[in-house]
Amino acid sequence: MRIAVVSSPVTPLRPAQVGGAQAFVCDLATGLAGRGHDVVLYCAEGSEVDGVRLATVPAPRDARAALVMPGGGEPLPAPGVEAALSAMFESIAAAGFDVVSQHAFDAPAFRLARNLPVVHTLHLPPIVEARRRRRGGARPAQRGQAGSRAEHFGGSGGTRGRPHLTGKRNRARDRSRDAGGPAGECGRRALRSGLCGRPQRGGSAGLTASK
4 MRIAVVSSPV TPLRPAQVGG AQAFVCDLAT GLAGRGHDVV LYCAEGSEVD
54 GVRLATVPAP RDARAALVMP GGGEPLPAPG VEAALSAMFE SIAAAGFDVV
104 SQHAFDAPAF RLARNLPVVH TLHLPPIVEA RRRRRGGARP AQRGQAGSRA
154 EHFGGSGGTR GRPHLTGKRN RARDRSRDAG GPAGECGRRA LRSGLCGRPQ
204 RGGSAGLTAS K
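Each number in my numbering corresponds to the 1-based position in the sequence shown with 3 added.
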């Protein structure tokens with residue numbers, strides 16, 4: 004099969020990963036390629052993943068805005084992230100992949116993938132439960148509801164243009180195992196140390212393909 008694997012463009016993928024989601028995406032892409040599938044991994048510039056063709060975009064200047072939700076609310080607008088994702092999905096649509104394995108947590112990715120044969124994997128904590136506890140039962144944002152349904156109920160069937168949603172179970176254990184430390188601490192270390200990717204100064208969102 005011809006498979007596109009999509010990572011968020013806000014941080015490069017490296018051999019020594021900061022977080023479990025990045026390690027999961029790398030392992031998935033290399034594993035599928037090892038089984039003989041034609042795999043292209045769409046990711047941020049500066050990524051290094053052996054054995055897989057890469058199609059990269061420069062990390063946008065507003066990458067950090069997409070990573071941080073001030074006070075637990077909605078993330079700040081990040082038009083550069085959306086432009087990078089648009090470049091990725093335009094290339095994917097033109098290439099005519101058999102299936103798209105989509106791991107970007109950025110909201111525009113779900114809209115841009117609407118007409119593609121896509122499986123969304125949400126690498127998220129239990130957002131809905133956390134917000135309910137914080138707000139005393141107030142109704143959470145719709146995006147949080149989608150994440151909760153996916154992570155609690157697993158995959159759901161669909162056809163082209165109707166996305167699958169799937170979630171990782173035992174998420175805290177998986178993050179701890181994959182990142183080599185207490186769950187969640189790897190992400191906090193990444194933000195503190197600036198390992199989330201160095202945003203590029205240019206406004207280009209053009210793709211660069213590896214051979």
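Built from N, CA and C at the ideal position, the CB exists for glycine as well.
DSSP, read as helix, strand or coil, puts D30 in helix. Counted as a single uninterrupted DSSP element, the alpha helix (DSSP H) harbouring R114 occupies residues A110 to L115. For N118, the closest of L127, F108 and V102 by C-alpha to C-alpha distance is V102. Judged by their CB atoms, A47 and A62 are nearer to each other than the 8 angstroms cut-off. The beta carbons of Y45 and S89 sit no closer together than 8 angstroms. Residue T59 holds the alpha-carbon nearest to the alpha-carbon of T14 among T59, S94 and F113. Remark: C-beta atoms of A7 and F100 approach each other more closely than 8 angstroms.
Between E93 and the set D65, A116 and D53, the nearest pair of CA atoms involves A116. In the DSSP assignment, V52 falls outside any alpha helix (DSSP H), carrying neither H nor E. With a 10 Å radius around the Cβ and a threshold of 16 neighbouring Cβ atoms, A97 comes out exposed. Taking the CA atoms as reference points, P111 sits about 31 angstroms from R38.
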